[in-house]
Amino acid sequence: MLLNKLPDHIDLEGLAGHRSSLFGAINKTPRSQKNFEGLLVQKLRT
Numbered sequence: 001m002l003l004n005k006l007p008d009h010i011d012l013e014g015l016a017g018h019r020s021s022l023f024g025a026i027n028k029t030p031r032s033q034k035n036f037e038g039l040l041v042q043k044l045r046t
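When we follow the numbering used here, the leftmost residue of the sequence shown carries the number 1, and every step to the right adds one.
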């Protein structure tokens, strides 16, 4: 994935467990809002 080649990136779709489309949750388990926000804070701190 191109995103993984960038030095500073946060994969929001990966953290959310969703690809932001009509079929975004296929083969993924969407996370709760609280869980997503916790993971995002962790990524921002590192």
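Ideal Cβ positions, reconstructed from N, Cα and C, are used throughout, including at glycine.
DSSP three-state assignment for residue i, whether helix, strand or coil
i           : result
arginine 31 : coil
arginine 19 : coil
Alpha helix (DSSP H) segment containing residue i, residue limits
i          : result
leucine 6  : Careful: leucine 6 lies outside any alpha helix (DSSP H) and carries neither H nor E.
glycine 51 : Residue 51 lies beyond the residue range present for the chain, which begins at 1 and ends at 46; the question has no answer from this structure.
Distance, residue j Cα to residue i Cα
i             : j            : result
glutamine 33  : histidine 9  : 20 Å
asparagine 35 : threonine 46 : 17 Å
6 Å Cβ shell around residue i - same chain, five flanking residues per side excluded
i         : result
lysine 43 : Ile10
Close beta carbons around residue i, own chain, < 8 Å, minus the five adjacent residues each side
i          : result
alanine 16 : Pro30, Arg31 and Phe36
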